[in-house]
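Chains as they are written, first to last, in this note's numbering: chain R, 1 to 328; chain A, 1001 to 1328.
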């Protein structure tokens, strides 16, 4: 007999974040209808999720409202139109926006005090070379009363010393978590292990959590999320039906089926998938397919595959393979 | 820096088996055209695969030829029509058939001496209660000159003592490998670990390999295969584009992208997928979808989900969920 069966119990401190609206917004320029957003929001409340990322705090100059939908900017007035007086009605679900470093957000002006907002957390996303601005952003958001995280993107193309420096700086901020972000969907299990252990070590003694944000290029988003959980990650990202850029994300319906915390309910998730997310499949391409497999295997940004999948021969795998192989 | 990066090297003794024709035959009653079979076969040769399972040695009485295609019976004459004088032309690829215990095969009569056949290996599949017949079958096939394996099916519904008994008997046979078979696509990483370690321990000192055959209900077939490989499994099953019953199998294109043995070639695999397997998607349903997720999570045979997916409302996830939840 095995000594124990950890797969039938649960860890109460593990918190689930739905980033369907934020990451899914990368495939439709955040052009969700109000009804779609409301359906996703209410499903998250009913399912007992801990966090829902409802969009970006993107700069309206760089991401103009005539091209991008309102969840790119997460203006308070618009959010309240969708979620109402959220903190009074459904405080168990914390709402979140992502703010990018590198000039994509106008964070000094866009982020109002948390007590005036339906939002409770700002996740600061940066590339390694943007860490100095990201640290400033974390301090600013913290002072405004938000919980914060640091999401270091594209970690699979960084060197050890770069990651170490970022983590050392992040450890000194008030961020509540540092998140392992496999932007290119490139990492295999042993690499996830290596990174999760590294992140955990870097924040040891600070009470910060480690998080995981996986992409599904190699059909490993869910598996890598499980792996991170086994190693102690307590902040876990997923999206409805894996909706997200390129190959998409860890599917929420698989994650909730795996977690054994009875507070999470699967049925509202299946309902919103069936009624709101599945119909989007007719319009948009996401989820693992061979072009995304290949960019994942080759540790490339998915943009080449996205543009190929949007072209006239999305299933000409050989043409895509020959093209990317010619580039290496 | 990590001590080592095992994900960039390879293990020469790891052998890959393609079971597209055998497992895929469960979704089309093995009604492949000769051209489809030839394309799959030639792709396997060109890709440098080690084994290809070309069908079942099913009893022609129970699986009559007017309903089931010829790869259910793997008659020598038919196989030679597809693969020619295989052992002379492409000896690096060993051809395989599966024989079920429990009366599904007529193994005493159907299995001709290996030296007269294009086949080199017979995989004996059984449920736990059929192990006595399976042991007889292994001996018989071994005496006929075949390499053999024991594939104990539906391991996720067995008790420890049952698995132990099967393994103890299997360890005494001439089988070259015992295979961990997750028929219902139910197992998570820690359960795979537990089983692979148990199988390895049971065959310690016998020179037998441990194998892995994973199903993709939870999008974990590839991940669980990687996990088994990390733990030392040297016999690995996959299928083209995951073609296989229900949620399908570990996708060969992902597996070969992961393995770093330069003898394996990805391009011929992508070519046969694009030209031969992808067109089958118009006719047949396979691959992970929510009904298969749910039977996987609930450790059920996929047949309920297969029949639902073949019905009038394959995407009424809520109806399927309510039905299976009412049954538990």
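Glycine included, each C-beta is placed from N, C-alpha and C at the ideal position.
Residue 1215 of chain A is a Cβ neighbour of residue 1185 of chain A, given a cutoff of 8 Å.
Looking at R/15, R/8, R/12 and R/42, the one whose alpha-carbon comes closest to that of residue 21 of chain R is R/42.
Across the structure, residue 1036 of chain A and residue 1078 of chain A are spaced so that their CA atoms are roughly 14 Å apart. For residue 316 of chain R, the closest Cβ of chain A is nearer than 8 Å. In the structure shown, the three-state DSSP call for residue 247 of chain R is coil. Using a CB distance below 7 Å, the part of the region 266 to 296 of chain R facing chain A consists of 267, 270, 271, 273, 274, 278, 290 and 293, ordered along the chain. Burial is judged here by how many other beta carbons sit within 10 angstroms of a residue's own beta carbon; residue 182 of chain R has at least 16 and is buried. For residue 1089 of chain A, no CB of chain R lies under 8 Å from its own CB, so it is not counted at the interface with that chain.
By the Cβ neighbour-count rule, residue 227 of chain R is buried, with 16 or more other Cβ atoms within 10 Å of its own. Between residue 239 of chain R and residue 19 of chain R, the gap from beta carbon to beta carbon is short of 8 Å. Look at residue 53 of chain R here: in three-state DSSP terms it is strand. Counting along the chain, the unbroken alpha helix (DSSP H) around residue 306 of chain R starts and ends at 303 to 309. Within the same chain, and ignoring the five residues on either side of residue 1321 of chain A in sequence, the residues whose Cβ sits closer than 7 Å to its Cβ are 1294. Against chain R, a Cβ distance below 7 Å from residue 1226 of chain A picks out 188 and 189. If you draw a 10 Å sphere on the C-beta of residue 1307 of chain A, you find fewer than 16 other C-beta atoms in it, and that means exposed. Among the residues of chain R, those whose CB is under 7 Å from the CB of residue 1321 of chain A are 267 and 270, following chain order. Scanning R/202, R/53 and R/167 for the CA closest to the CA of residue 127 of chain R turns up R/167.
With a minimum length of 4 residues, the unbroken runs of alpha helix (DSSP H) contained wholly in the region 71 to 140 of chain R fall at 76 to 83, 86 to 89 and 107 to 110. Taking a Cβ-Cβ cut-off of 9 Å, the neighbours of residue 1258 of chain A in chain R comprise 188, 218 and 297, given in sequence order. For residue 253 of chain R, a Cβ of chain A is located within less than 8 Å of the residue's own Cβ.
Three or more Cβ pairs drawn from the region 135 to 142 of chain R and the region 108 to 127 of chain R lie within less than 8 Å of each other, which places the two stretches in contact.
With a cutoff of 8 Å on beta-carbon distance, residue 158 of chain R and residue 173 of chain R are scored as not near each other. The beta carbon of residue 1263 of chain A sits closer than 6 Å to the beta carbons of 1048 from its chain, once the five residues preceding and following it are set aside; these are given in chain order.
Counting only the Cα atoms, residue 195 of chain R lies some 21 Å from residue 13 of chain R. Residues of the same chain with a CB within less than 6 Å of the CB of residue 278 of chain R, apart from the 5 flanking positions on each side, do not exist. A direct Cα-to-Cα measurement between residue 1146 of chain A and residue 1026 of chain A gives close to 24 Å. Shown here for residue 119 of chain R: same chain residues with a beta carbon closer than 6 Å to its own, the five before and five after excluded, namely 95 and 97 in chain order. Here DSSP, grouped into helix, strand and coil, assigns residue 1165 of chain A to helix. Residue 1192 of chain A does not reach chain R, its nearest Cβ partner there being about 10 Å away, counting only Cβ pairs nearer than 8 Å. Separation of residue 155 of chain R and residue 187 of chain R (C-alpha to C-alpha, rounded to the nearest whole angstrom) is 9 Å.
Close CB contacts of residue 1050 of chain A within its chain, under the 8 Å cut and outside five residues either way in sequence, are with 1015, 1016, 1017, 1092, 1093 and 1094 (chain order). DSSP, reduced to helix, strand and coil, places residue 1296 of chain A within a helical segment of the structure shown. Between residue 7 of chain R and residue 1190 of chain A, the gap from beta carbon to beta carbon is short of 8 Å. The C-beta of residue 308 of chain R comes no closer than 8 Å to any C-beta of chain A. When secondary structure is reduced to three states using DSSP, residue 1147 of chain A falls in the strand class.
Just measuring C-alpha positions, the residue of A/1232, A/1224 and A/1219 sitting nearest residue 1209 of chain A is A/1232.
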